[in-house]
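Numbers -19 to -1, 1 to 327, taken from mature numbering (1 follows the signal peptide of the UniProt record, and there is no 0), label the letters of the sequence shown in order. Beta carbons are placed, not taken as given, at the ideal position from N, Cα and C, and that holds for glycine.
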Amino acid sequence: MTIKFLRFYLLLLPTLLWSQDNLDIKVDNRMEALSIFYTLATADTLDTKPTPSTYYRDVKLYFEAYKNHESLNWYRNLDAWDGYDMASLGLFLSKQHPFTIAVKPEVNYIRSSSQETFLYHFNKFYADTDMHSFINKHKKLYESVCQNAKDAVIASGILNHIQSFYGTTVESRFVIYLDLLNNLGSNAINSDDPGFINDRMFRLAYLNDESKHLTDESPVLFTPYINVVTHEISHLFLKEFIPKYRKRLYKIRQLFLTTSNGEVLNETKWENELDELLVRVCTARILAQKFGHEKGIEEINNQAKHFKLAKPLYEFFETYISNRSLYKEVNMFYPEIVVFLENYTE
């Protein structure tokens, strides 16, 4: 550790320690209800099933009598289903059934139908199956799983490394919403609503570790993957980059649309590709900071299989790492990133 970095770390130490006390991990009842609905409607069709556990067993047993409920069949018969981030809508619903939109979400989580139509069918299923009782019965399980997950994240120390890498001095709270049925993927949740002010939120999937050979008799052991936590939190720290420089970045959008194997993506995907590129590069840098140089190289080599700019941008970030007295926060480095991308040639 260099003297320069040590001084910077000591300056940030109060903020880093503070962040450990501002981690909240929870199961939101509304999000879990949506996840149950989505799981019951799609699990028989999707190749990726929920991670086996006693909880998933309870879900299947309790709702067996409702497997052909009209609301589930309505959803199954739609032309297209929503993405795995759909349950994130729950955070923006009213507290009590019947659920309505209480806070307008920044993302349109319901793309399969109109929100009004979807909520009509979801509310009917919720009432007909007395889903409230099922969720309430598992409240202690949710609390136990969340506490174990929180202990694991804090013990890892990853929040310190994330906070020090991005360098923000804005007081914020990390809020992780667990989804015990989602084995598909995690997602960041953005909102500028005053009710979520300074909350950095994301939804974490319970991914199946097939090497453990889990069954319906396996307890829920939700130990968050450090790289996933780092990735999703990074989305929240970096969310202002593209909006701030959209006009300049749009002019070089083609740079982000060709993958490492030469595939040319649809032009509409340029923002998502750039966002993912930047997030994955920063994630690799944070993992290198925590676990050592080799871990960072391993991570960026994996990302370079898709993102052709992954390695060049990873190397360019050495400028940020080596000059933290100049770039105290990552947003101070944004102009350099834009210039690097504008001038990039293979």
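So, helix, strand or coil for residue i, using DSSP?
i	result
Phe155	strand
Leu217	helix
Thr149	coil
Asn242	coil
residue 332	Residue 332 lies beyond the residue range present for the chain, which begins at -19 and ends at 327; the question has no answer from this structure.
Arg181	strand
Leu188	coil
Ala291	helix
Tyr325	coil
Asn168	strand
Ile233	coil
Asp160	strand
Leu307	coil
Ile82	strand
Trp(-2)	Because the pLDDT at Trp(-2) is just 41, under 50, the model does not fix this residue reliably, and the point stays unresolved.
Leu74	strand
Ser137	helix
Asn247	coil
Ala61	coil
Asn89	coil
Val201	coil
Ser125	helix
Lys286	coil
Lys271	helix
Tyr206	coil
Lys48	coil
Thr29	coil
Tyr226	coil
Asp111	coil
Thr20	helix
Phe314	coil
So which of the options has the shortest CA-CA distance to residue i?
i	options	result
Ser16	Leu161, Ile223, His142	Leu161
Gly71	Asp60, Lys232, Gln96, Arg57	Gln96
Val260	Lys286, Asn168, Glu213	Glu213
Asp66	Pro316, Ser167, Lys220	Ser167
Glu221	Met313, Thr196, Leu74	Met313
Asp109	Thr35, Phe44, Glu124	Phe44
Ala130	Arg305, Leu4, Thr300	Leu4
Tyr301	Glu275, Val262, Arg38, Ala22	Val262
Gly64	Thr98, Tyr37, Arg92	Arg92
Glu257	Phe218, Lys232, His274	Phe218
Ala269	Tyr231, Glu299, Asn89	Glu299
Val40	Lys193, Glu191, Ser114	Ser114
Between the beta-carbon of residue i and the beta-carbon of residue j, is there less than 8 Å?
i	j	result
Lys271	Gly148	no
Pro205	Val156	no
Trp55	His119	no
His142	Asn104	no
Ile116	Ala14	yes
Val311	Arg229	no
Val245	Leu238	yes
Thr23	Trp62	yes
Leu74	Arg154	no
Among residues of its own chain, excluding the 5 on either side of residue i, which ones have a beta-carbon nearer than 7 Å to its beta-carbon?
i	result
Asn164	Thr29, Lys30, Pro31, Thr32, Ala186, Tyr187, Leu188, Asn189
Ile139	Ile207, Val210, Thr211, Lys271
Ala265	Gly277, Glu280, Ile281, Gln284, Tyr295
Ile170	Ser69, Leu72, Met182, Phe183, Arg184
Glu252	Ile223
Lys225	Tyr315
Ser241	Ala285, Lys286, His287, Phe288, Lys289
Tyr(-11)	Reliability fails at Tyr(-11), whose pLDDT of 41 lies under 50, so the model's placement of it is uncertain and the value that follows must be treated cautiously. Excluding positions up to five away in sequence, the list reads Ser145.
Arg57	Ala22
Ile267	His142, Ile143, Phe146, Thr211
Phe297	Phe321
Tyr90	Asp63, Asp66, Met67, Ser69, Leu70
Among residues of its own chain, excluding the 5 on either side of residue i, which ones have a beta-carbon nearer than 8 Å to its beta-carbon?
i	result
Phe106	Phe18, Tyr47, His50, Ser52, Leu53, Met112
Pro(-6)	Confidence at Pro(-6) is low in this model, with a pLDDT of 43, below 50, so the placement of that residue should be treated as unreliable; the coordinate-derived value is given next. No residues qualify anywhere along the chain.
Ser94	Leu59
Val126	Val8, Leu159, Leu161, Val201, Phe203
Leu236	Leu290, Leu322, Tyr325
Gly176	Val84
Pro293	Tyr325
Thr98	none
Leu307	Met313
Leu195	Thr32, Pro33, Ser34, Asn189
Please tell me whether, using a cut-off of 7 Å, the distance from the CB of residue i to the nearest non-hydrogen atom of the ligand MN is below it.
i	result
Glu310	Absence of the ligand MN from the depicted structure is noted, as is the absence of any ligand whatsoever, leaving it without description.
Among residues of its own chain, excluding the 5 on either side of residue i, which ones have a beta-carbon nearer than 6 Å to its beta-carbon?
i	result
Arg234	Trp251
Ser303	none
Arg38	Asp197
Ile6	Cys127, Ala130, Lys131, Ile157
If I'm right that residue i touches residue j with Cβ under 8 Å, what's the distance once you round it to whole angstroms?
i	j	result
Asp197	Thr81	With 8 Å as the limit, Asp197 and Thr81 do not qualify as a contact, their Cβ atoms being about 35 Å apart.
Ser215	Glu87	Rounded, the Cβ-Cβ distance is 18 Å, inconsistent with contact.
Does the CB of residue i have a neighbour CB from chain E at under 8 Å?
i	result
Asn168	Chain labels in this structure do not include chain E; a single protein chain is all it has.
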